[in-house]
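Down below is the structure, laid out as structure tokens.
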Amino acid sequence: MKRRSTFALLGGAAATALMGTGCGGGTASGSVLTVGMPNGPLTENNNPFSPTSASNSLGYRWVLYEPLAQVNLLEPTNEPLPWLAEKWEWSKDFQSVKLTIRDGVKWSDGKDLTADDVAFTYNLVKDTEALNLDAIPYKKATATGRIVELTFKSPQYVNQTRIIGFTPIVPEHVWSKVKDPTKDTVKKPVGSGPFTLSSWTSQAVTLKVRDDYWGDKPKVKEMRYVSYNDNSAQTTALGNGECQWSYVFMPDYKKVFIKKDPENHRLWFPSGLGIHVLFINNARKPFDDPELRKAMNLVVDREAVHKQGESGLYPLVESPTGIPSPVGDDYIADKYKNVKHKVDVKKAKKILEDAGYTLKGGKLETPDGKAVTMKLIDPTGWSDYLASLQIIADNLSTIGIKAEVDSVTVDDWNEKLFTGDFDASLHWTNTGSTPWDLFSNIMDGAHYKEIGEKASWNFGRFKSDEATEALSTYADTDDEDTRKKALETLQDIMVEEVPVIPLVAGPIGAVFSTKHWVGWPDDDNPYSMSQPTQPSSSLILTRLKPA
Amino acid sequence: MRFLLRRAGFYLLTAWAAITLNFFIPRMLPGDPVQSLLNRYQGQLTSEATRSLYVLFGLDEQTSLWQQYLEYWGNIFTGDFGLSFTFFPTPVSEIVAQSLPWTLGLVGVSTVISFALGTLAGVIAGWRRGSWADTLLPVTNFFSAIPYFWIGLIAIAVFAEAWQLFPASGGWDTALVPSFSGEFIGSLITHSVLPGLTIVISSVAGWILSMRNMMVTVSSEDFVTVAHAKGLKERTVMFGYAARNAVLPNVSGFALSLGFIVSGTLLTEMVFSYPGIGYILFKAVDAKDYPLMQGVFLIITMSVLVANMLADLIYAFLDPRTRREG
Chain A
1 MKRRSTFALL
11 GGAAATALMG
21 TGCGGGTASG
31 SVLTVGMPNG
41 PLTENNNPFS
51 PTSASNSLGY
61 RWVLYEPLAQ
71 VNLLEPTNEP
81 LPWLAEKWEW
91 SKDFQSVKLT
101 IRDGVKWSDG
111 KDLTADDVAF
121 TYNLVKDTEA
131 LNLDAIPYKK
141 ATATGRIVEL
151 TFKSPQYVNQ
161 TRIIGFTPIV
171 PEHVWSKVKD
181 PTKDTVKKPV
191 GSGPFTLSSW
201 TSQAVTLKVR
211 DDYWGDKPKV
221 KEMRYVSYND
231 NSAQTTALGN
241 GECQWSYVFM
251 PDYKKVFIKK
261 DPENHRLWFP
271 SGLGIHVLFI
281 NNARKPFDDP
291 ELRKAMNLVV
301 DREAVHKQGE
311 SGLYPLVESP
321 TGIPSPVGDD
331 YIADKYKNVK
341 HKVDVKKAKK
351 ILEDAGYTLK
361 GGKLETPDGK
371 AVTMKLIDPT
381 GWSDYLASLQ
391 IIADNLSTIG
401 IKAEVDSVTV
411 DDWNEKLFTG
421 DFDASLHWTN
431 TGSTPWDLFS
441 NIMDGAHYKE
451 IGEKASWNFG
461 RFKSDEATEA
471 LSTYADTDDE
481 DTRKKALETL
491 QDIMVEEVPV
501 IPLVAGPIGA
511 VFSTKHWVGW
521 PDDDNPYSMS
531 QPTQPSSSLI
541 LTRLKPA
Chain B
1 MRFLLRRAGF
11 YLLTAWAAIT
21 LNFFIPRMLP
31 GDPVQSLLNR
41 YQGQLTSEAT
51 RSLYVLFGLD
61 EQTSLWQQYL
71 EYWGNIFTGD
81 FGLSFTFFPT
91 PVSEIVAQSL
101 PWTLGLVGVS
111 TVISFALGTL
121 AGVIAGWRRG
131 SWADTLLPVT
141 NFFSAIPYFW
151 IGLIAIAVFA
161 EAWQLFPASG
171 GWDTALVPSF
181 SGEFIGSLIT
191 HSVLPGLTIV
201 ISSVAGWILS
211 MRNMMVTVSS
221 EDFVTVAHAK
231 GLKERTVMFG
241 YAARNAVLPN
251 VSGFALSLGF
261 IVSGTLLTEM
271 VFSYPGIGYI
281 LFKAVDAKDY
291 PLMQGVFLII
301 TMSVLVANML
311 ADLIYAFLDP
321 RTRREG
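Encoded structure:
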């Protein structure tokens, strides 16, 4: 019995393996570009909407399918670059948008891309809750001629780039026949992107360039996407040139990557608008005291967290508002422009003294005579976070706070963080196209939960009606000045009440090699996000040139 | 006959217990598949995704544990293990079919090689006590005492990075599509040399040891002395008389080790990024992927059970004493 089942399985594997059309070819040939991600084993799933598909995990969905516009989260205040849509116009209240769809775009099966396809895609996302990952409150999408009108149940100012920049457009003539769009693995994807799927194996996905692509035809003729089991296997592959484009965390990247080929090996990790913060449990005594939090914030050495904790890979957040530079410069309120966080133990001690705290034998005591101690927690194995916590613990000891770093299992950590059973923990915020997302994640009353109840954000249980109101005003208003004021209020709260301690920014970066291909976005020419899993892949590919 | 029936009953009971445990254990693990997924994407999936992911995985519907248990049994008989969460919506059976052959191929072949080499070396070492062959044991024991991942990493450092004789990771050249072409098979073999070699090196000592000890016992038995006295060739006595009788425990040991092929490969697959089932299981546990965990566990328990049963039968066939009814 065992033998038969083995044979059946072998047969199955051979059959799937033979389905590909076979692509011979040398590994190091200049016309192939190999993208790698450290994501472990994958299965043949090319569903562009599914967060668990191989095409999403490796990022190749964005060279098969395209968004309406190319959004650059590194320059969020700039207008997105027209892509499948030639132009768009938001209504003043941001409850609807009129899009003009580009003419002359063909699907990879030869049929024309029309406004109906676009309307169909948005209606599909609207009607299928499981596909609407950003929970955008769509009302409806209608096509007339080359115009598509999208309407929403509430103002979408803060989601506008998500809507037009992160939705893969799919053909109606294919997807209207799909029985269950959440469960289809789309073995033969038809898209408008510059590449088509040529073969799929559990080790590598090969794509070939299209002859009838509407835009600038990429010089790269063949793309290969490879999934490595872990960061170290991915790093080895990058180091020896086997793979030329990736996004992976590499401690000591200078030694393990750059040094292997200093002329061509590049790493570019600019910040997006998401940050990593130390969530402090505001619902626990004595951390409910803003004076104490302010003092803690003053002694944390972000430079050390950035350099030693995060190996220099996560950009520093210097503004006391928590908004990373240069990406968020335009959002920083005038009074905080050019204000930079500085470690100041003296000032911290003064604040504590004024608030009635005492330092006894090097130990900090609250006004009612209790020693201030805390546990900093994060999951075992998240070595960069744990190293950063160690630095913070050392920093806190300079004002007499006895902080201990505790590593727990991921599940335990989730449970503790969500139910408020912790003193402080390092966690990320989402990356939005405005600072709204990061502030909402940190202090939105809409996410506020009592201790013991599960919170999905605002883990620090920060309670401020002022913050909640400013957040909803920012999202709903149609007046530019009101929006600016709301953002200023949020920054004031960050500085004066320190709901969390902002540390470093979340990068939207890439590791790449200029050996065979040049024209990558970098500091000199930051035209696009460079992560291979972002929608900008097709934009980058149309700009790459042989070295 | 009664012996066989008794054994069959025993195996049925064990299978039921294993399959039932296989249902309950993943459900008793702490954690939540949706939360694991959100952690994996660190800020790239918005938290608004939580709701849609529960809907996507079908976790929003409440069904009683008993009802799930019944469905689970139904699924086992139809071979349908549901859809994996980690690789949603790929069916578990497809994932197993994609990764199991690589594991069976690599570890199966290495286990056979290790068994054959070890048993042969054990025969010689046991027969020629006091000769050079005695040095085999301490040397191979030394290697089996080194943690496996260490041997693997050294093999990569020496043969893949310093000398670049063999590839460091993967099951085949990523430029190739699996097929029965010479190029692909060649690539398959070069990619399996290092992982295969390290498995053999770290497991061969056990076979040598048990075979040698049995040889030592057997070679002082009367029938061996008689064979010598008959004037038979040394080689005939060694293989035809002594080794043939001494090999029994090794054969049943081999049958058991076949059962562990599926489960014992995690380290190899981690070190060499080999596309097998061990790493899939690791991922599934990490992601709280109940359907996938269940599918893989089931394959493992079943193969261990079947191997046990085979070992039982072979032993009963080879050695009549074990079938004697009490």
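Protein sequence lines correspond, in order, to chains A and B. Here UniProt numbering is used: the first residue of the first sequence is 1, the next is one more, and so on. Here UniProt numbering is used: the first residue of the second sequence is 1, the next is one more, and so on. Think of the CB as a built atom: it goes at the ideal place given N, C-alpha and C, for glycine as much as any other residue. Source: prediction; values computed, not measured.
query                                                                                                                        : result
Members of the region 447-475 of chain A that neighbour chain B once the beta carbon cut-off is set at 7 Å                   : S456, W457
Contact set between the region 208-231 of chain A and chain B, restricted to residues whose Cβ is under 7 Å from the partner : R224, V226, Y228, N229
Neighbourhood of A:T164 by C-beta distance below 8 Å, restricted to the same chain and skipping five residues each side      : Note that residue 164 of chain A is Ile in the sequence shown, not Thr. For A:I164, where only same-chain residues beyond five positions count, the Cβ hits under 8 Å are P67, L68, A69, V71, P80, A85, W88, V97, L99.
Segment contact, 8 Å Cβ cut-off, at least three pairs: the region 227-237 of chain A with the region 166-179 of chain B      : yes
Residue environment, A:N297, which counts as buried when at least 16 other CB atoms sit within 10 Å                          : buried
Segment contact, 8 Å Cβ cut-off, at least three pairs: the region 144-157 of chain A with the region 41-55 of chain A        : no
Contact list for the region 147-172 of chain B against chain A, Cβ threshold 7 Å                                             : A168, S169, G170, G171, W172
Chain B residues whose Cβ lies nearer than 8 Å to that of A:L42                                                              : F87
Partners in chain A for B:Y279, counting only beta-carbon separations shorter than 9 Å                                       : G40, P41, N229
Contact with chain A by B:M28, beta-carbon distance below 8 Å                                                                : no
is_contact[A:K183, chain B] using C-beta, thresh 8 Å                                                                         : yes
Classification of A:K177 by the beta-carbon crowding that lies within 10 angstroms, buried from 16 upward                    : exposed
Contact belief for A:V248 with A:P38 at Cβ below 8 Å, rounded distance in angstroms                                          : 5 Å
Identity of the residue in B:D286, B:G82, B:I299, B:F297 nearest B:N39 by Cα                                                 : B:D286
Runs of alpha helix (DSSP H) wholly within the region 48-113 of chain B (minimum 4 residues, chain order)                    : 49-56, 65-78
Among A:N414, A:D476, A:E415, the one whose alpha carbon lies nearest that of A:W436                                         : A:D476
Per DSSP, the bridge partner or partners of A:P546                                                                           : A:W517
Chain A residues whose Cβ lies nearer than 7 Å to that of residue 374 of chain B                                             : The question about residue 374 of chain B has no answer here: the residues shown for chain B are numbered 1 through 326.
Proximity of B:T103 and B:T301 at Cβ, strictly below 8 Å                                                                     : no
Local conformation of A:S96 per DSSP, three classes                                                                          : strand
Local conformation of A:I377 per DSSP, three classes                                                                         : strand
Listed by chain order, chain B residues near A:Q203 by CB distance under 8 Å                                                 : G170, G171, W172, T174, P275
Any chain A beta carbon closer than 8 Å to B:M293                                                                            : no
Counterpart residues of B:H191 in DSSP-defined beta bridges                                                                  : Note: B:H191 sits in no beta bridge, so no partner.
Residue burial classification, B:I189 (beta-carbon count within 10 angstroms, cutoff 16)                                     : exposed
Local conformation of A:W200 per DSSP, three classes                                                                         : strand
Spatial neighbours of B:I208 in its chain, beta-carbon cut-off 7 Å, leaving aside the 5 residues before and after            : G118, A121, G122, A125, L136, L137, T140
Partners in chain B for A:S50, counting only beta-carbon separations shorter than 9 Å                                        : L56, F88, P89
B:A49: contacting residues in chain C (beta-carbon distance under 8 Å)                                                       : Chain labels in this structure do not include chain C; the protein chains are A and B.
Where A:M223 falls: helix, strand or coil (DSSP)                                                                             : strand
DSSP bridge partner residues for A:M37 (one or two, in chain order)                                                          : A:S227
Alpha carbon of B:W150 to alpha carbon of B:F142, nearest angstrom                                                           : 13 Å
Contacting residues, own chain, Cβ-Cβ under 6 Å from A:V408 (five flanking each side not counted)                            : I377
Reference B:N75; option with closest CA among B:Y279, B:V304, B:Q294, B:L100                                                 : B:Q294
Interface flag, B:L83 vs chain A, CB-CB below 8 Å                                                                            : yes
Where A:E129 meets chain B, residues with beta-carbon distance less than 9 Å                                                 : R51, S52, V55, L56
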